[in-house]
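*Asks:* Protein chains in written order, with the working numbering: chain A, 2 to 255; chain B, 10 to 123; chain C, 14 to 567; chain D, 13 to 95.
Just dropping this structure here.
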Amino acid sequence: MRPLVRLGLFLVSTAVFAGIFVAALFDLHPLGHADPLSATYGDLVNSLTVPERHITDAVTAVNFDFRGFDTLGEEFIMFASVLGAALLLRKHADESAGPPIDKQQGRQITLASDAVRLLSVALVSPAVLFGIYVVTHGQVTPGGGFQGGVILASAPLLIYVSGEFHSLRRVAPRWLVEAAESIGAGGYVVIGAAGLLSANAFLHNFLPLGRPGDVFSGGSVALIDLTVGLEVAGGFILLLLVFLEEVLVLRDPI
Amino acid sequence: MTHLAYCLAAWLFAVGLYGVVTSRNMVHLIICLSVVQSSTYALLLAIGYRAGAAAPVFADIPSGTPAVDPVVQALMLTDVVVEVTIMALLLALAVLAYERTGKLDPNDLGMIRG
Amino acid sequence: MLTPPIPVALPLLVAALLAALNRLLPRWLASTLAILTSAAVGCVAVSMLVYSRLDPIVYWFGGWVPRRGAALGIGFVIDGPGAMLVLLASILVTASLVFSTRYFDTVGTLFPSLMLIFLAAMSGFSQTGDLFNLFVFFELMSAAAFALCGYKSEEPGPLQGALNFAVTNTVGAFLILSGIGLIYGRTGALNMAQIGRALGNRADALTLVALAFIACGFLVKAAIVPFHFWLADAHAVAPAPVCVLFSGVMVELGLYAVTRVYWACFSGILEPRQGALRNLLLVFGVATALLGAVMCYAQRHLKRMLRTASVDEMDLRGRGRQIQATGALFVLGAAGLAGLPPFATFWAANMMDASARELGLHWLPWVSFAAATATAAALLRFWARVFLGWGPNVEELPTPGGHVRERPDTSGGHHRTPAAMYLPAAGLLALGLLAGLAPRLTGAAYAAAIHIQDRGAYAQRVLDMLTPYPAAVQDQPAAAGDFARGAAGLLLALAAAWMTLCWNAVRRTVGRSPIARALVGVLRAAHSGIIPDYVTWLIFGVAAFGAASLIWLR
Amino acid sequence: MIWLQTAILIMVALGGLAVVLTRDPLHQAVVASFYGILLGLMFFLFQAPDVALSQIVIGALALPLMILLALARIRRKRERSVP
Numbered sequence: 002m003r004p005l006v007r008l009g010l011f012l013v014s015t016a017v018f019a020g021i022f023v024a025a026l027f028d029l030h031p032l033g034h035a036d037p038l039s040a041t042y043g044d045l046v047n048s049l050t051v052p053e054r055h056i057t058d059a060v061t062a063v064n065f066d067f068r069g070f071d072t073l074g075e076e077f078i079m080f081a082s083v084l085g086a087a088l089l090l091r092k093h094a095d096e097s098a099g100p101p102i103d104k105q106q107g108r109q110i111t112l113a114s115d116a117v118r119l120l121s122v123a124l125v126s127p128a129v130l131f132g133i134y135v136v137t138h139g140q141v142t143p144g145g146g147f148q149g150g151v152i153l154a155s156a157p158l159l160i161y162v163s164g165e166f167h168s169l170r171r172v173a174p175r176w177l178v179e180a181a182e183s184i185g186a187g188g189y190v191v192i193g194a195a196g197l198l199s200a201n202a203f204l205h206n207f208l209p210l211g212r213p214g215d216v217f218s219g220g221s222v223a224l225i226d227l228t229v230g231l232e233v234a235g236g237f238i239l240l241l242l243v244f245l246e247e248v249l250v251l252r253d254p255i
Numbered sequence: 010m011t012h013l014a015y016c017l018a019a020w021l022f023a024v025g026l027y028g029v030v031t032s033r034n035m036v037h038l039i040i041c042l043s044v045v046q047s048s049t050y051a052l053l054l055a056i057g058y059r060a061g062a063a064a065p066v067f068a069d070i071p072s073g074t075p076a077v078d079p080v081v082q083a084l085m086l087t088d089v090v091v092e093v094t095i096m097a098l099l100l101a102l103a104v105l106a107y108e109r110t111g112k113l114d115p116n117d118l119g120m121i122r123g
Numbered sequence: 014m015l016t017p018p019i020p021v022a023l024p025l026l027v028a029a030l031l032a033a034l035n036r037l038l039p040r041w042l043a044s045t046l047a048i049l050t051s052a053a054v055g056c057v058a059v060s061m062l063v064y065s066r067l068d069p070i071v072y073w074f075g076g077w078v079p080r081r082g083a084a085l086g087i088g089f090v091i092d093g094p095g096a097m098l099v100l101l102a103s104i105l106v107t108a109s110l111v112f113s114t115r116y117f118d119t120v121g122t123l124f125p126s127l128m129l130i131f132l133a134a135m136s137g138f139s140q141t142g143d144l145f146n147l148f149v150f151f152e153l154m155s156a157a158a159f160a161l162c163g164y165k166s167e168e169p170g171p172l173q174g175a176l177n178f179a180v181t182n183t184v185g186a187f188l189i190l191s192g193i194g195l196i197y198g199r200t201g202a203l204n205m206a207q208i209g210r211a212l213g214n215r216a217d218a219l220t221l222v223a224l225a226f227i228a229c230g231f232l233v234k235a236a237i238v239p240f241h242f243w244l245a246d247a248h249a250v251a252p253a254p255v256c257v258l259f260s261g262v263m264v265e266l267g268l269y270a271v272t273r274v275y276w277a278c279f280s281g282i283l284e285p286r287q288g289a290l291r292n293l294l295l296v297f298g299v300a301t302a303l304l305g306a307v308m309c310y311a312q313r314h315l316k317r318m319l320r321t322a323s324v325d326e327m328d329l330r331g332r333g334r335q336i337q338a339t340g341a342l343f344v345l346g347a348a349g350l351a352g353l354p355p356f357a358t359f360w361a362a363n364m365m366d367a368s369a370r371e372l373g374l375h376w377l378p379w380v381s382f383a384a385a386t387a388t389a390a391a392l393l394r395f396w397a398r399v400f401l402g403w404g405p406n407v408e409e410l411p412t413p414g415g416h417v418r419e420r421p422d423t424s425g426g427h428h429r430t431p432a433a434m435y436l437p438a439a440g441l442l443a444l445g446l447l448a449g450l451a452p453r454l455t456g457a458a459y460a461a462a463i464h465i466q467d468r469g470a471y472a473q474r475v476l477d478m479l480t481p482y483p484a485a486v487q488d489q490p491a492a493a494g495d496f497a498r499g500a501a502g503l504l505l506a507l508a509a510a511w512m513t514l515c516w517n518a519v520r521r522t523v524g525r526s527p528i529a530r531a532l533v534g535v536l537r538a539a540h541s542g543i544i545p546d547y548v549t550w551l552i553f554g555v556a557a558f559g560a561a562s563l564i565w566l567r
Numbered sequence: 013m014i015w016l017q018t019a020i021l022i023m024v025a026l027g028g029l030a031v032v033l034t035r036d037p038l039h040q041a042v043v044a045s046f047y048g049i050l051l052g053l054m055f056f057l058f059q060a061p062d063v064a065l066s067q068i069v070i071g072a073l074a075l076p077l078m079i080l081l082a083l084a085r086i087r088r089k090r091e092r093s094v095p
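Structure representation (structure tokens):
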């Protein structure tokens with residue numbers, strides 16, 4: 002299609018599309034005032050999460066308990082995308098490996114200033130601690146495996162900003178990251194299977210529920226949080242590694 | 010205000026698609042897709058919101074306090090994290106397509122199919 | 014009740030295991046494990062098929078059974094069509110895994126791992142009774158499929174095809190999610206049976222637009238005109254074992270989802286307007302069938318042709334969907350595009366035609382007949398040229414569509430086709446034949462079609478745990494005329510193939526007549542491979558579908 | 013509260029437009045990062061702290077980082093092909 006024809010067709014279609022979308026949206030309840038008929042699912046969860054599951058963060062309860070099976074699928078979407086990116090960006094036999102760019106002749110390397118390096122090194126351990134805190138407190142306060150995993154993944158990034166790619170490789174070698182990601186993903190299935198064997202339903206809780214508000218509450222939800230944290234952290238670091246594999250001098254654009 | 014949050018969803022969907030259709034760069038196109046995606050967040054957020062209700066975290070408030078809908082928030086939360094990896098997969102495809110063909114403009118990429 | 018989670022959980026677990034042992038596991042062990050897993054899923058599917066014969070299996074994850082008619086967790090509802098699709102998916106995945114042991118020269122554990130994730134996603138997709146869970150598996154299927162499609166990432170073609178596939182399907186996913194959001198805003202439920210009850214009989218803008226968004230999103234996957242463009246590019250470039258899965262089962266799953274969601278959730282609100290909706294879907298279906306046939310006939314690249322064949326074949330079924338023959342999905346296995354008697358496709362076509370006649374649509378069987386014949390002719394033409402040497406030399410013919418020649422899939426000198434490559438193909442053909450010869454299958458398909466349409470019984474079974482399913486099934490005998498039409502189709506197709514290849518006069522007049530040229534030219538120009546074009550068509554389709562349903566169905 | 017909510021909705025609407033209209037991907041990565049923070053703020057003001065946390069981590073950090081990495085790879089290729 003010619004660009005103008007396309008733009009015209011698009012604008013007309015989108016006008017109609019937006020029109021029907023808005024017409025549908027105006028049939029919804031006014032913002033913040035659901036009619037009593039609707040929202041039964043969310044209200045049910047809000048009323049059940051503390052008495053039955055001892056989980057004070059209802060969102061975590063939905064994610065890892067009531068609709069834990071969805072989250073298993075979501076986790077594997079992430080797993081498959083990361084695996085896919087790794088598969089696509091793999092080296093082909095006919096591609097020359099060549100030396101990394103910052104070892105090539107004639108390439109000016111802009112090293113990070115000492116202040117930046119010091120700051121990044123200093124930030125690594127707080128990032129790890131904060132990540133672990135967010136992962137383990139998912140059932141109590143906002144947070145959990147997904148958010149904490151991303152925060153954990155920022156620690157190797159800080160190492161990269163502070164040092165060289167090689168120190169990043171030493172701290173997080175590719176095989177270790179791949180293993181961590183896979184164990185995180187597989188662990189979720191194993192926890193589900195444990196519920197299947199002990200309580201005859203996949204992803205059924207099989208641990209004591211603990212006291213609401215405690216770190217060790219929510220039964221197997223706490224375990225699931227850990228595996229998801231491992232998977233998400235591993236996945237993001239692996240993405241970082243496969244994209245970085247050959248782009249070594251990355252400091253200047255950042 | 011009553012329907013502004015809903016209209017935001019339709020607006021973001023249309024604007025993001027406009028970016029996709031008029032894009033001259035695959036990376037730009039993929040970022041525009043993430044704008045389309047934020048439309049679904051706006052919709053879900055508005056649907057789950059209850060005026061005057063608290064966040065669905067019962068750590069400091071007693072269980073039974075009126076709270077907003079946690080289900081839509083759970084749907085959004087996983088989506089936020091998962092979609093970024095799909096975007097990463099798309100970016101990997103775009104980067105590779107550039108490395109193999111030297112082209113980033115989606116209008117040129119159409120010419121090189123097998 | 015151990016079996017229902019297995020078709021999803023087992024492949025995922027093995028996929029994670031294979032990925033974890035990426036560097037350690039030898040290649041043969043990885044593929045053997047993957048093949049065994051997929052075969053095990055097939056066995057589970059057979060057992061589920063037997064158990065769900067009279068009464069669907071309902072399974073609640075985490076033990077969250079519904080309370081007072083409100084679902085708390087995610088439920089699987091496995092009935093005949095669902096279990097059959099799991100079986101079909103596992104058979105095809107097993108076949109392609111066997112095939113790919115000799116197909117790729119470099120196959121790591123990542124490929125079988127992604128294939129298993131793909132299988133798990135398809136299984137979950139066909140079993141689930143929850144609307145958002147359906148979306149999750151849709152996305153999982155997509156994520157695995159994008160990567161598999163671009164597997165041969167050293168060439169530009171697969172990358173471009175995978176990009177088109179990924180962008181259009183992602184937009185489709187956002188549409189589905191918006192539709193689910195609208196429905197949740199109205200009903201406060203995600204379980205399909207519960208939604209069906211809560212929606213009741215009132216059709217307003219919200220429900221109709223939500224239906225349009227969800228249906229169009231899944232129709233992108235099902236590659237119905239005008240959402241079909243990605244399939245053209247993805248199919249031409251994906252590795253052959255992946256292609257089999259795309260057109261063999263993934264595309265069908267898109268239609269299955271539309272069927273399932275419509276009958277479980279929306280059939281109540283549209284009961285008085287069913288005829289109008291049928292006509293609307295007919296427009297899309299017939300357009301797809303005809304376009305598929307024409308494109309197929311005009312194509313010369315085999316894989317591209319097979320891809321259009323699947324567009325066309327799907328649409329025959331898409332059209333049939335409204336007309337009672339959901340079961341068509343379920344009988345259709347592997348081969349027999351022309352709908353010849355021994356093949357299962359013959360029975361499927363037969364059933365659709367019968368229901369079309371019942372509804373007074375006497376022209377429909379002829380359209381499907383013409384489309385099937387043209388498709389078969391295109392395939393036969395390819396076969397005749399390659400294996401019998403009919404027609405002019407290939408060099409005379411310009412390579413259509415692309416300027417980049419594809420490398421052969423297997424590099425290196427296999428002098429004979431290895432057994433691992435032709436055995437799966439032969440096995441699939443045999444299964445297609447067998448399915449056609451099995452006497453009771455059409456009856457079972459009718460039973461499935463009746464079950465899937467009973468919204469009230471479905472909701473009672475899922476939410477109240479009652480078992481009200483009826484077992485009234487009558488078999489549909491094939492008339493002599495149907496056999497005659499099948500045979501005539503084959504002869505006509507053969508004749509058409511011979512004419513276009515060998516009869517120079519025909520070739521010239523057809524090839525050079527301005528109308529044919531203009532038609533093919535327009536179609537080729539529309540299939541430009543340009544993502545913004547495809548997205549424009551997509552949104553055009555959604556706008557047309559949505560506006561039409563707002564005008565006619567309210 | 014209601015004014016804050018209205019304001020953030022309008023800002024998100026404009027932010028989305030800004031992301032789309034920024035044609036240079038490198039600039040766009042920065043704008044998208046700001047847009048991610050805006051979305052996070054919106055989630056926070058509509059009582060969704062869980063989503064806000066993950067949106068800020070993802071939208072302001074992970075997605076722009078992916079874009080920068082992709083752009084760096086593209087630039088490297090460009091430098092190699094045009095020495």
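Ideal Cβ placement from N, Cα and C applies to all residues, glycine included.
Owing to the predicted nature of the structure, the values given are computational and were not obtained by experimental measurement.
#1: Give me the chain D residues within the contact set of B:ASN126, using Cβ-Cβ distance strictly less than 8 angstroms, ordered along the chain.
#2: Less than 7 angstroms separating the beta-carbons of B:LEU52 and C:SER191?
#3: Mind pulling the chain A residues with CB within less than 7 angstroms of D:PRO37?
#4: If we call anything under 7 angstroms between Cβ atoms a contact, is D:LEU51 one with B:SER48?
#5: Mind listing the chain B neighbours of C:SER126? Cutoff is C-beta to C-beta under 9 angstroms, in chain order.
#6: Output yes if chain B places a C-beta closer than 7 angstroms to the C-beta of C:ALA202; else output no.
#7: Let me know if C:MET478 comes out buried or exposed under the rule of 16 or more other beta-carbons within 10 Å of its beta-carbon.
#8: Do you know offhand how far B:ASP114's Cα is from A:VAL172's?
#9: Just to confirm before moving on: does the CB-CB distance between B:ALA14 and B:ALA64 stay below 7 angstroms?
#10: At what residues does the alpha helix (DSSP H) containing C:PHE178 begin and finish?
#11: Using 10 angstroms around the beta-carbon of A:PHE217, count the other beta-carbons present and answer buried if the total reaches 16, otherwise exposed.
#12: List the residues of chain D that A:ILE56 touches, going by C-beta distances under 7 angstroms, in chain order.
#13: Over the uninterrupted beta strand (DSSP E) stretch that includes C:PHE89, give me the two end residues.
#14: Measure the alpha-carbon distance for C:PRO94 versus C:GLY137 and round it to whole angstroms.
#15: Based on the DSSP output, what are the partners of C:ASN204 in its beta bridges?
#16: Using 8 angstroms as the Cβ pair cut-off and three pairs as the minimum, do the stretch 171-178 of chain C and the stretch 86-103 of chain B touch?
#17: Can you tell me which of A:LEU73, A:SER114 and A:GLY85 puts its alpha carbon nearest to the alpha carbon of C:PHE145?
#18: On the DSSP letters alone, give me the boundaries of the alpha helix (DSSP H) that D:TRP15 sits inside.
#19: What in chain D is Cβ-close to A:PRO143, meaning under 7 angstroms?
#20: Is there a Cβ from chain D that is less than 7 angstroms from the Cβ of B:LEU100?
#21: Give me the subset of the stretch 72-94 of chain A whose CB atoms are less than 7 angstroms from a CB atom of chain B, sorted by chain position.
#22: Closer than 8 angstroms by C-beta to B:ALA68: which residues in its own chain qualify, once you throw out the five before and the five after it? Chain order, please.
#23: Using 10 angstroms around the beta-carbon of C:GLU265, count the other beta-carbons present and answer buried if the total reaches 16, otherwise exposed.
#24: Checking contacts by CB at 7 angstroms: is A:ALA186 closer than that to chain C?
#25: Is the CB of D:ALA74 under 7 angstroms away from at least one CB in chain A?
#26: Rounded to the nearest angstrom, what separates C:THR321 and C:CYS256 at their Cα positions?
#27: So which of A:HIS55, A:PHE131 and A:GLU179 has the shortest CA-CA distance to A:PHE80?
#28: Output needed in chain order: residues of the stretch 15-26 of chain C with a Cβ under 7 angstroms from some Cβ in chain A.
*Replies:* This is what the structure holds:
#1: With chain B covering only 10 through 123, there is no way to say anything about residue 126 of chain B.
#2: On the second sequence, residue 52 of chain B is found 43 positions in, with the first residue counted as 1. On the third sequence, residue 191 of chain C is found 178 positions in, with the first residue counted as 1. A distance below 7 angstroms separates the beta carbons of B:LEU52 and C:SER191.
#3: Against the fourth sequence, residue 37 of chain D aligns to sequence position 25. Simply none; closest approach about 11 angstroms.
#4: Here residue 51 of chain D corresponds to residue number 39 of the fourth sequence, with the count starting at 1. Here residue 48 of chain B corresponds to residue number 39 of the second sequence, with the count starting at 1. In terms of Cβ geometry, D:LEU51 and B:SER48 do not form a close pair [threshold 7 angstroms].
#5: Within the third sequence, numbered from 1, the residue matching residue 126 of chain C stands at position 113. Residues of chain B passing the Cβ test: none, with the nearest at roughly 15 angstroms.
#6: By one-based count along the third sequence, residue 202 of chain C stands at place 189. For C:ALA202, the answer is no, since every Cβ of chain B falls outside 7 angstroms of its Cβ.
#7: Reading the third sequence from its first residue, position 465 is the one you call residue 478 of chain C. By the neighbour-count rule (16 or more Cβ atoms within 10 Å), C:MET478 is not buried but exposed.
#8: Numbered from its first residue, the second sequence carries residue 114 of chain B at position 105. Numbered from its first residue, the first sequence carries residue 172 of chain A at position 171. Rounded to whole angstroms, B:ASP114 to A:VAL172 spans 38 angstroms at the Cα level.
#9: Within the second sequence, residue 14 of chain B is the residue found at index 5, counting from 1. Within the second sequence, residue 64 of chain B is the residue found at index 55, counting from 1. Their beta carbons are not under 7 angstroms apart, which means B:ALA14 does not touch B:ALA64 by this criterion.
#10: Within the third sequence, numbered from 1, the residue matching residue 178 of chain C stands at position 165. Its alpha helix (DSSP H) spans residues 169-200.
#11: Against the first sequence, residue 217 of chain A aligns to sequence position 216. Burial is judged here by how many other beta carbons sit within 10 angstroms of a residue's own beta carbon; A:PHE217 has fewer than 16 and is exposed.
#12: On the first sequence, position 55 is the one that residue 56 of chain A refers to. Within chain D, no residue comes near A:ILE56; the closest Cβ sits about 12 angstroms away, beyond 7 angstroms.
#13: Counting from one through the third sequence, the residue named residue 89 of chain C turns up at place 76. Unbroken beta strand (DSSP E) run through C:PHE89: 88-91.
#14: Here residue 94 of chain C corresponds to residue number 81 of the third sequence, with the count starting at 1. Here residue 137 of chain C corresponds to residue number 124 of the third sequence, with the count starting at 1. C-alpha separation (whole angstroms): 13 angstroms.
#15: The sequence position of residue 204 of chain C within the third sequence is 191, counting from 1. According to DSSP, C:ASN204 bridges with C:ASP143.
#16: yes
#17: The residue labelled residue 145 of chain C in the question sits at position 132 within the third sequence. Of the listed residues, the one whose Cα sits closest to C:PHE145 is A:LEU73.
#18: Here the question's residue 15 of chain D lines up with position 3 in the fourth sequence. From DSSP, the alpha helix (DSSP H) with D:TRP15 extends over 14-33.
#19: As a position in the first sequence, residue 143 of chain A is number 142, starting the count at 1. Within 7 angstroms Cβ-Cβ: PRO61, ASP62 and LEU65.
#20: As a working mapping, residue 100 of chain B is identified with position 91 in the second sequence. The Cβ of B:LEU100 sits closer than 7 angstroms to at least one Cβ of chain D.
#21: THR72, GLU75, ILE78, MET79, SER82, VAL83, GLY85, ALA86, LEU89 and LEU90
#22: Within the second sequence, residue 68 of chain B is the residue found at index 59, counting from 1. Correct list: empty, nothing qualifies.
#23: Locating residue 265 of chain C in the third sequence gives position 252, where the first residue counts as 1. C:GLU265 comes out buried.
#24: Residue mapping note: residue 186 of chain A aligns to position 185 of the first sequence, counting from 1. Taking Cβ atoms only, chain C reaches closer than 7 angstroms to A:ALA186, which makes this a yes.
#25: Working through the fourth sequence from its first residue, we reach residue 74 of chain D at position 62. Output row for D:ALA74: interface = yes.
#26: Indexing the third sequence from 1 puts residue 321 of chain C at position 308. Indexing the third sequence from 1 puts residue 256 of chain C at position 243. Low confidence applies to C:THR321: its pLDDT is 47, below 50, so where it sits in the model is not reliable, and the reading given next is rough at best. Taking the straight line from one Cα to the other gives about 12 angstroms.
#27: Here residue 80 of chain A refers to the residue found at position 79 of the first sequence. Checked all of A:HIS55, A:PHE131 and A:GLU179; the closest Cα to A:PHE80 is A:GLU179.
#28: LEU15, PRO18, ALA22, LEU25 and LEU26
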